[in-house]
Amino acid sequence: MSITKVTQHPTQNEELIFDRSQTGRIGYRLPKLDVEETNIDEIIPSELRRQDDLDGVPEVSEVDVIRHFTRMSTWNFSIDLGMYPLGSCTMKYNSRLNEKVARIPGFANLHPLAPVAGAQGALALIYKLQEDLAEITGLPGISLQPAAGAQGEMTGVLIIRAFLDKRDGEKSRERRVMLIPDSAHGTNPASAALAGFTVKTVNSTAAGLTDMEHLKKLCDEGGIAGLMLTNPNTVGIFEKNIKEICDIIHQAGGLVYMDGANMNALVGVARPGDMGVDVIHLNLHKTFSTPHGGGGPGCGPCCCTLELEPFLPIPRIVKDGENYKLDFNRPESIGRVKAFYGNFGMMIRALSYIQTHGAEGLKEATESAVLNARYVGHHLVEDFDKPFDSDPMHEVIFSHKKQTRKGVHTLDIAKRLIDYGFHPPTIYFPLIVQGAMLIEPTESVGRQDLDAFIDAMKAIAQETVENPDLVINAPHSTRIGRLDEAAAARKPVLRWQPDMETLSKTA
Amino acid sequence: MRYIPNSPEERAEMLELLGLASADELFRSIPADIQLGRALRITEPLSEIEVIAEMERLAAMNTASRQPSFLGAGAYSHYSPTIVDHLIQRSEFFTSYTPYQPEVSQGTLQYIFEFQTLICQLTGMDVANASMYDGSTAMAEAFLMAQRVTRKNKVLIAETVHPEYSEVAKTYTQHGDLKIETVHFDKESGRILSDDLSKLDDKTAALVIQSPNFFGCIEDLESLANKAHEVGALLIVVVTEAISFGLLKSPGACGADIVVAEGQSFGIPLSYGGPYVGLFATKEKYVRQMPGRLAGVAYDKNGNRGFVLTLATREQHIRRDKATSNICTNQGLIALAATIYMETMGKKGLQEVAMQNAQKTAYAAKEIAKIEGFSLPFSAPRFNEFVVRAPKDASELLEKLRTERAIIGGLALSRYYADNPNDFLVCVTEINTREQIDNLVKSLKEISN
Amino acid sequence: MANKIPENLHYSKDHEWVKVDGDVATIGITDYAQHALGDVVYVELPSVGDKFESHEAFGSVESVKAVSEIFTPIAGEIVEANDGLNDNPEAVNNDAYGDAWMIKVKMNNPLEADAMLSAVEYEEYLSENE
Chain A
1 MSITKVTQHP TQNEELIFDR SQTGRIGYRL PKLDVEETNI DEIIPSELRR QDDLDGVPEV
61 SEVDVIRHFT RMSTWNFSID LGMYPLGSCT MKYNSRLNEK VARIPGFANL HPLAPVAGAQ
121 GALALIYKLQ EDLAEITGLP GISLQPAAGA QGEMTGVLII RAFLDKRDGE KSRERRVMLI
181 PDSAHGTNPA SAALAGFTVK TVNSTAAGLT DMEHLKKLCD EGGIAGLMLT NPNTVGIFEK
241 NIKEICDIIH QAGGLVYMDG ANMNALVGVA RPGDMGVDVI HLNLHKTFST PHGGGGPGCG
301 PCCCTLELEP FLPIPRIVKD GENYKLDFNR PESIGRVKAF YGNFGMMIRA LSYIQTHGAE
361 GLKEATESAV LNARYVGHHL VEDFDKPFDS DPMHEVIFSH KKQTRKGVHT LDIAKRLIDY
421 GFHPPTIYFP LIVQGAMLIE PTESVGRQDL DAFIDAMKAI AQETVENPDL VINAPHSTRI
481 GRLDEAAAAR KPVLRWQPDM ETLSKTA
Chain B
1 MRYIPNSPEE RAEMLELLGL ASADELFRSI PADIQLGRAL RITEPLSEIE VIAEMERLAA
61 MNTASRQPSF LGAGAYSHYS PTIVDHLIQR SEFFTSYTPY QPEVSQGTLQ YIFEFQTLIC
121 QLTGMDVANA SMYDGSTAMA EAFLMAQRVT RKNKVLIAET VHPEYSEVAK TYTQHGDLKI
181 ETVHFDKESG RILSDDLSKL DDKTAALVIQ SPNFFGCIED LESLANKAHE VGALLIVVVT
241 EAISFGLLKS PGACGADIVV AEGQSFGIPL SYGGPYVGLF ATKEKYVRQM PGRLAGVAYD
301 KNGNRGFVLT LATREQHIRR DKATSNICTN QGLIALAATI YMETMGKKGL QEVAMQNAQK
361 TAYAAKEIAK IEGFSLPFSA PRFNEFVVRA PKDASELLEK LRTERAIIGG LALSRYYADN
421 PNDFLVCVTE INTREQIDNL VKSLKEISN
Chain C
1 MANKIPENLH YSKDHEWVKV DGDVATIGIT DYAQHALGDV VYVELPSVGD KFESHEAFGS
61 VESVKAVSEI FTPIAGEIVE ANDGLNDNPE AVNNDAYGDA WMIKVKMNNP LEADAMLSAV
121 EYEEYLSENE
């Protein structure tokens, strides 16, 4: 198999903008200063001003900028290009309608400190989204302030801490254990640590579920503040004992926090509030289709029971007769987690997503997401090791166990998938499955694309047997090959410097 | 649903292949008693026409978005070149994920590297990360980092740091062993009160100063850095108005150890408070204590230069409860917008826009100070914001200005500082024309009589 | 892959090696440990004068995507840390028993080393646990 390298650019390697810079190039124009100019020394004395002439900041034209970013963009894989089956990331279609409405000037030009009377539309929108998310989760207390999932988690565990401190007073200090399954996202223990909890790990069973005996044993040891559980869990299986799990934690005096990263399997079908969960975060940038944008922004609403509502961050957005207002008077609140009210632009997009789907469309999306994952699982079970027997929900996990004897590992399979035109799945997560490949197609993939993905995976399984080196040395179709990450970490180069090598060597 | 490719017929075929009679059977692993069993009580599906109409209706209620405005205080109205919003909407940028697979993410990784470089250049620091949520959370993370670096447990924060930033820091640190003390400001200059710096001692992890501060006053960072360093504390500099980097001496050149900033001014719409982008920069020797993602140079086996996420062992997905931060998703796309903004404006543009802000603000301050009964309480040099002391209650005055003249005249400080009912904060940027400024002055004069 | 296990050293079940010279123990990690870690990119070591109990973590070794704590089998005070590993962390992969020694500890109780595994015992321990 021979694949030629991508060479549609004038140069194989678009330079850094700093290398393109030419003294005197201009890419902007401002209106002429329309007030009388004052000697700058009278406004700001020279010792407080820059003396370095912004050394190193590029000078380029608008055309230079457009070409620079357009060329670089072609090196990225994207959802719009094809299936992006990153497990636990929910890479679904990001509608252009959502982008359009978020840019309506009445939203985009609204200052966060504008008088409330002049911002009623924004507050009404936040309130509406709060109501819809409360209905979707079955948890009526809600704040949209957290900026992303990890911050929503932090908010959730801070609320648990505040509740325990209030309920138990001084004795709360004896309750500092947060239980977290061994399959959890790394943000869970990191967020728990921020709230002053120590983490104890709950084992998973061979079936990929929470080990109930271990959970009980840990609860018997006492000091339980709560449990942080993802459901469906990170191997894509619904924790069918969720009600019993919640009961056990509640009897032990703790609260249950659910990581809502995998809500795309549940919307319209089942609600955390009905399962006994006390507090949850959502990822609007997963389940509700706001764009991932190469790493963010997100929006991580925190939803909780009425009992926990007094502890939500301030300000709350509340309705007062026909008007909406900001309520700062919440003495039991954990405080503010972010300046202003959260990533409002993401809230507009999420509401647009919800309204476009409606109740029936949301359920249809959930069904399609689960069906697609199940379909992939069904077709790959012969070729790849599927560590758990249970039916997957919206994502399905495989491992490299059948391929390692040929020296092919998960990383190699991932890189080879790139040659077939697919983004790799999430790899080496969760940690409880060696060489994990976590595949989440989402509802945004049609059957032809699913079949092409399945064919690619099967072809790679075959190549592993017939020509393992082809897989081990993948990708073969990209502008650059695998990068030496160890060398990069040993001598980190984290910024451009004027004396840096101008151009990379030719490919 | 039009975003779901498979037709009902195709789905029926797929279900049949899986041996399932209906979509409901996909959810057999969810016990029946916790299934919803009814339709969600939310809207019927709306068409594109209907969604747009509803959103336009809501947006139209935001009357403040259309009025001439002199609001700043952590969110600023600035010019954004058209190509910023154009380029960030390229599919390859806005529908991609965190660049964990470098071979198919070089576009993202290279702009992160450029972003890191530009932030270093502007702040005068050695290293910058790939972004934080916003300025406020970046500051909270800086507190935690200072504690890790110095192994000391007291942070002194200026009273003139954005009050909402201080609130966020309190939330983040409430269960750790970090003590936060406030340093007051000098009522004459509006700068930090030197006498109050006696609170600096050998238990202090960091001194935290915003400059230009919340009142718009530019602080003498160099002397503050010296005072912090004398007791072994770090200087954390907070910047809410990133445009000021174009004109003011960089925090790094003044001796800052950590710089955190809000990058919204770099071409990002106000959007009622977010999404914005937190900037975070520090000295090279502290890089391993830094929160957030970092992109670095790497080579493939043929010697091609590329970029990868690096030093990841600091982060939550590896170090879990011992990570430097819990942050995962950051503000990638907004960092891209800021990068495009900085590169398009370039050296000259960043300088000119900063200069225009300073000049227009100087003009507005001079004109407002001439109004009878109005004064400027603080004497320190200012960039693009300043406090005005009115002859009467500022909230009432501003409300009158809004309802009678359709001008948002600024922010009544009583929202954050209860003992200054007559003070309000005015911000003037390159967006505010002379006509707007003159009209503000005229209206203030007329309605205050 | 056969692991190098020099005969003159003491070994722990956490895969550290100890070389005794008078009342000073030199400590590093074994060839087996560096194989398991993969490419080492950073080594975090304590400062001279720090004191550790036996089996306490004294530092950490990082590869690209993992961090492992390193434990001292011997209680005592740090008299020297190998700063050379700052610039040359790959020595852990290339020369685990030589250039990549990590700390020298003034031992509280020299008998602790004698209680450790011998090269033969460590080899057996490895083969039992593979």
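Residue numbers (this note's numbering), protein chains in the order written: chain A, 1 to 507; chain B, 1 to 449; chain C, 1 to 130. No residue lacks a Cβ here, since even glycine has one placed at the ideal position from N, Cα and C.
Cutoff 7 Å: residue i Cβ touching any chain A Cβ
i	result
V41 of chain C	yes
P89 of chain C	yes
P68 of chain B	no
D321 of chain B	yes
Proximity test, Cβ basis, 7 Å: residue i and chain B
i	result
E62 of chain C	yes
V120 of chain C	no
Interface flag, residue i vs chain C, CB-CB below 7 Å
i	result
T204 of chain B	no
T313 of chain B	yes
A489 of chain A	yes
I108 of chain A	It should be pointed out that residue 108 of chain A corresponds to Ala in this sequence rather than to Ile. So, not an interface residue.
A414 of chain A	no
R151 of chain B	no
A486 of chain A	yes
Inter-residue Cα distance where the pair is residue i and residue j
i	j	result
D41 of chain A	M500 of chain A	36 Å
S172 of chain A	E352 of chain B	56 Å
H98 of chain A	D14 of chain C	Residue identity differs from the one stated: residue 98 of chain A is Asn in this sequence, not His. Roughly 54 Å between the two C-alpha positions.
F163 of chain A	L308 of chain A	7 Å
A192 of chain A	D321 of chain B	7 Å
V318 of chain A	Y111 of chain B	40 Å
P8 of chain B	H292 of chain A	28 Å
T119 of chain A	F107 of chain A	Note on identity: in this sequence residue 119 of chain A is Ala, with Thr being the wrong assignment. Roughly 9 Å separates the two Cα atoms.
P492 of chain A	P31 of chain A	42 Å
L411 of chain B	L425 of chain B	5 Å
I26 of chain A	I66 of chain A	13 Å
L48 of chain A	V43 of chain C	41 Å
I407 of chain B	L71 of chain B	10 Å
L411 of chain A	F71 of chain C	31 Å
E262 of chain B	D21 of chain C	56 Å
S127 of chain C	V120 of chain C	11 Å
T137 of chain B	R405 of chain A	47 Å
L270 of chain B	G253 of chain A	44 Å
Y125 of chain C	V18 of chain C	16 Å
Contact check, residue i vs residue j, beta carbons under 7 Å
i	j	result
H378 of chain A	L18 of chain B	yes
L247 of chain B	A354 of chain B	yes
M212 of chain A	D449 of chain A	no
M72 of chain A	E14 of chain A	yes
G332 of chain B	G294 of chain A	yes
K200 of chain A	L227 of chain A	no
E395 of chain A	A365 of chain A	no
G135 of chain B	T204 of chain B	no
S63 of chain C	G38 of chain C	yes
N262 of chain A	S183 of chain A	no
C304 of chain A	N343 of chain A	no
Y97 of chain B	C89 of chain A	yes
Proximal residues to residue i (C-beta, below 8 Å), its chain only, five neighbours per side dropped
i	result
D31 of chain C	N3, K4, I5, A96, Y97
S241 of chain A	Going by the sequence as given, residue 241 of chain A is Asn instead of Ser. Counting only Cβ-Cβ distances below 8 Å, and skipping sequence neighbours, we find L209, T210, M212.
Cβ-based neighbour list, residue i, same chain, cut-off 6 Å, excluding 5 preceding and 5 following
i	result
A258 of chain A	The sequence shown places Met at residue 258 of chain A, rather than the Ala named in the question. L229, N231, P272, V277, I280, listed in sequence order.
K458 of chain A	D383
A75 of chain C	E53, S54, N108
Worksheet item: Where in the stretch 83-164 of chain B do unbroken runs of the alpha helix (DSSP H), each at least 4 residues long, occur, reported from the N-terminal end onward?
Response: 91-94, 106-123, 135-150
Whole beta strand (DSSP E) elements within the stretch 47-111 of chain C, 3-residue minimum | 56-63, 66-72, 76-81, 103-107
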